[in-house]
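Asks: Per our numbering, the very first residue in the sequence shown carries number 170; after that it's consecutive.
Quick one: this structure, given as structure tokens, is what I'll be asking you about.
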Amino acid sequence: MAKRTRRDGGPKDTTPPPAPPSLRVPVWDAHTHLDLQEGDVGEALAAAAAVGVSTLVQIGIDVPSSRWAAEAAADNPRVHATVALHPNEAPRLVLGDPDGWSGQRREPGGMAALDAALAEIDALAALPQVRGVGETGLDYFRTGPEGTEVQQESFRRHIAIAKRHGKALVIHDREAHDDVLRILLEEGAPDTVVFHCFSGDAEMAKTCAERGYVMSFAGNMTYPSAQQLRDAVAVAPLDLLLVETDAPFLTPVPHRGRPNAPYLIPVTVRAMAEVKGVGEDELCTALAANAERVFGTS
Numbered sequence: 170m171a172k173r174t175r176r177d178g179g180p181k182d183t184t185p186p187p188a189p190p191s192l193r194v195p196v197w198d199a200h201t202h203l204d205l206q207e208g209d210v211g212e213a214l215a216a217a218a219a220v221g222v223s224t225l226v227q228i229g230i231d232v233p234s235s236r237w238a239a240e241a242a243a244d245n246p247r248v249h250a251t252v253a254l255h256p257n258e259a260p261r262l263v264l265g266d267p268d269g270w271s272g273q274r275r276e277p278g279g280m281a282a283l284d285a286a287l288a289e290i291d292a293l294a295a296l297p298q299v300r301g302v303g304e305t306g307l308d309y310f311r312t313g314p315e316g317t318e319v320q321q322e323s324f325r326r327h328i329a330i331a332k333r334h335g336k337a338l339v340i341h342d343r344e345a346h347d348d349v350l351r352i353l354l355e356e357g358a359p360d361t362v363v364f365h366c367f368s369g370d371a372e373m374a375k376t377c378a379e380r381g382y383v384m385s386f387a388g389n390m391t392y393p394s395a396q397q398l399r400d401a402v403a404v405a406p407l408d409l410l411l412v413e414t415d416a417p418f419l420t421p422v423p424h425r426g427r428p429n430a431p432y433l434i435p436v437t438v439r440a441m442a443e444v445k446g447v448g449e450d451e452l453c454t455a456l457a458a459n460a461e462r463v464f465g466t467s
């Protein structure tokens with residue numbers, strides 16, 4: 170399986186961080202990008218298992234990476250897949266890719282290009298090893314106002330795909346909280362909604378909890394500037410929490426600036442346990458049960 174190439178230049182220090190002490194109760198990495206990491210899937214699984222990370226959820230962000238995710242999950246029972254068009258991918262399909270961020274230098278394809286890509290995502294979502302539709306949602310940081318309408322249309326159609334196949338909806342929400350929450354209400358949310366790399370504050374966490382949305386936290390909750398994320402962790406109910414790496418991005422402190430990978434999940438788990446004031450084993454038990462409920466059945 171051909172891997173993707175990072176478009177952000179990657180970390181300056183490419184030395185892999187040391188493995189943390191193992192968790193006693195195994196958990197899942199609820200969101201990772203193995204196709205952007207060094208080594209093969211088997212090596213990633215072995216390193217993760219050695220520290221108590223039993224299962225990985227491989228995320229699709231466009232048609233090629235969604236196919237890659239589905240293939241990786243078919244080949245490895247400890248990998249589950251999600252498939253989708255990332256919020257930034259939809260405008261590039263429709264409006265073109267002049268900045269070359271996707272590496273494809275595409276010409277504008279119009280809505281026909283979006284229709285064709287979503288048809289492939291829909292077909293992949295029917296596969297048993299595909300346990301979620303995502304990461305979809307809205308991202309107003311990189312895509313300007315010209316792409317907002319396309320992003321919202323793509324998000325609505327991903328919601329429909331998730332409901333049609335009975336799969337979890339995995340949301341990427343960057344600088345778009347109000348619109349994401351509004352569209353979920355307007356379309357009717359699927360039974361299971363996951364806010365990947367939760368980026369809201371405590372008030373948003375309370376809103377998500379009221380609606381039964383699952384909140385997944387990544388290594389950035391350990392950053393000194395991320396007090397609002399720690400406040401969100403503190404108020405999020407245990408039965409609505411997941412932990413993820415978003416690897417190779419968002420490497421937790423004290424390894425920030427080096428490559429992230431699923432084997433670093435214990436670092437974030439321990440930071441979350443400290444914030445919540447619960448024991449490590451208690452948190453891990455909840456995280457494992459939540460991941461099984463969200464992604465564990467086909």
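Each residue gets a CB set at the ideal place from its N, CA and C atoms; glycine is no exception.
1. Using the DSSP secondary-structure output, state which residues sit across from Phe-386 in a beta bridge.
2. Pick helix, strand or coil for His-424, following the three-state DSSP scheme.
3. Evaluate contact between the region 390-404 and the region 180-191, counting only Cβ atoms and requiring at least three cross-stretch pairs below 8 Å.
4. Within its chain, find whatever has a CB closer than 6 Å to the CB of Pro-277; leave out the 5 residues flanking it on each side and keep chain order.
5. Would you kindly report the start and end of the unbroken alpha helix (DSSP H) that includes His-334?
6. Taking DSSP as the reference, what is the three-state secondary structure of Ser-234?
7. Taking all protein chains shown into account, do 16 or more other C-beta atoms lie within 10 angstroms of the C-beta of Asp-408, making it buried, or fewer, making it exposed?
8. Which residues bound the alpha helix (DSSP H) around Glu-304?
9. Give me the residue from Thr-454, Ala-405, Val-402, Phe-386 with the minimum Cα distance to Thr-414.
10. Would you call the CB atoms of Val-383 and Leu-411 closer than 7 Å?
11. Three-state secondary structure (DSSP) at Ile-340?
12. Using 7 Å as the threshold, is the C-beta distance between Glu-344 and Phe-310 below it?
13. With a threshold of 6 Å on Cβ separation, who are the neighbours of Ala-440 within its own chain once the five nearest residues in sequence on each side are excluded?
14. With 16 other CB atoms within 10 Å as the buried threshold, where does Ser-191 fall?
15. What span of residues does the alpha helix (DSSP H) with His-346 cover, start to end?
16. Give me the DSSP bridge partner(s) of Asp-198.
17. Does the region 241-249 come into contact with the region 448-457, if we say contact requires no fewer than three beta-carbon pairs (one atom in each stretch) closer than 8 Å?
18. Tell me the rounded alpha-carbon separation between Ala-417 and Ala-288.
19. Please classify Thr-376: does DSSP put it in a helix, a strand, or coil?
20. Who does Phe-364 pair with in a DSSP beta bridge?
21. Just to confirm the assignment, what range does the beta strand (DSSP E) spanning Thr-251 have?
22. Does the distance from the C-beta atom of Phe-364 to that of Ile-328 stay below 7 Å?
23. Work out the CA separation of His-334 and Ala-239 for me, nearest whole Å.
24. Kindly give me the distance between the Cβ atoms of Gly-388 and Asn-429, rounded to whole angstroms, as I take these residues to be in contact under 8 Å.
25. Exposed or buried, what is Asp-342 when buried is set at 16 or more other beta-carbons lying within 10 Å of its beta-carbon?
26. If I measure Cβ to Cβ from Asn-257 and keep anything under 6 Å in the same chain, skipping five residues before and after, which residues do I get?
27. Excluding five sequence neighbours on each side, which residues of the same chain lie with their C-beta closer than 7 Å to the C-beta of Ala-218?
28. In the DSSP assignment, find the unbroken alpha helix (DSSP H) run with Lys-445 in it and report its ends.
29. State the DSSP-derived secondary structure class of Pro-396, mapped to helix, strand or coil.
Replies: On the basis of the data shown:
1. Val-412
2. coil
3. no
4. Leu-264, Gly-265
5. 317-334
6. helix
7. exposed
8. Where Glu-304 is concerned, there is no enclosing alpha helix (DSSP H), although the beta strand (DSSP E) it sits in stretches over 299-308.
9. Phe-386
10. yes
11. strand
12. yes
13. Thr-391
14. exposed
15. 346-356
16. Leu-225
17. no
18. Looking at the sequence itself, residue 417 is Pro, so the reference to Ala does not match. Approximately 28 Å, taken between the alpha carbons.
19. helix
20. Ile-340, Met-384
21. 248-252
22. no
23. 15 Å
24. 6 Å
25. buried
26. Asp-308, Arg-311, Thr-312
27. none
28. 434-445
29. First, the residue type needs correcting, since residue 396 is Gln and not Pro in the sequence shown. Helix, per DSSP.
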